[in-house]
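Beneath this line is the structure, given in structure tokens, with notes to follow.
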């Protein structure tokens, strides 16, 4: 596990994340999430990340800070292709700044079944809340990785045994991205709930 490589290694990964932030390659709230993940126990766990927070960029930063071979696991082939193109765009600059080399793949759960088995440096699971589905879980358990992180806006909203399945597979929630930070960047619209009570007149 990455944690067992020594505290010096973990500190190096965290420092690289800070450099990516300083260079403007990731935003402050993304850097916080990356640092929290890389310093988590045994480098496992879930990042609770709202829509619009830039999950793909956070995943790219995780890859760049550590280096090595990474797999990004998504729900369908189209999303895998889209994510792969995004990684191709952002990873070169991140790796150049971090001084690392990354081999990345993006696959759907169905593609994992026919893929050659190998051990990855890291595994990143998109939309973690869907992992407990039987077909997805069976594909997940075929993968070997030193670090495993999941990302979702609603990772543990299921109020049933499936929460335990998610935690057993990936780990607990290790960081929550504050929606207020996204609002400050205008990546997320501020939400306000107003309760309206109708007024009764004398004829009611």
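Numbering (the UniProt record's numbering), first residue to last: 1 to 204. Yeah, the Cβ is synthetic: ideal placement off N, Cα and C, and Gly gets one too. Here the structure is a predicted model, which means the values were calculated and not measured.
Run of the alpha helix (DSSP H) containing residue i, from where it starts to where it stops
i	result
residue 84	77-98
residue 57	55-66
residue 7	7-22
residue 37	28-38
Spatially closest choice to residue i from the options, by CA coordinates
i	options	result
residue 131	147, 59, 108	108
residue 76	127, 43, 69	127
residue 18	62, 53, 44, 7	62
residue 205	154, 110, 167, 48	Beyond the ends of the chain as shown, which are 1 and 204, falls residue 205; an answer cannot be given.
Beta-carbon proximity of residue i to residue j, cut-off 8 Å
i	j	result
residue 12	residue 64	no
residue 72	residue 106	yes
residue 172	residue 46	yes
residue 90	residue 83	no
residue 144	residue 119	yes
residue 39	residue 14	yes
residue 135	residue 69	no
residue 139	residue 112	yes
residue 86	residue 56	yes
residue 125	residue 44	no
N-terminal and C-terminal residue of the beta strand (DSSP E) that residue i is part of
i	result
residue 120	119-126
residue 170	Note, residue 170: premise wrong, no beta strand (DSSP E); not H, not E.
residue 48	44-48
residue 151	144-152
residue 134	No beta strand (DSSP E) contains residue 134, which is instead part of the alpha helix (DSSP H) from 134-140.
Rounded distance between the beta-carbons of residue j and residue i, thought under 8 Å
i	j	result
residue 174	residue 37	6 Å
residue 177	residue 33	6 Å
residue 97	residue 23	5 Å
DSSP-derived helix/strand/coil call for residue i
i	result
residue 109	helix
residue 72	strand
residue 4	Low per-residue confidence applies at residue 4: pLDDT is 46, beneath 50, and the placement is therefore not dependable, though the value from the model is reported in the following sentence. Note: residue 4 maps to helix in three-state DSSP.
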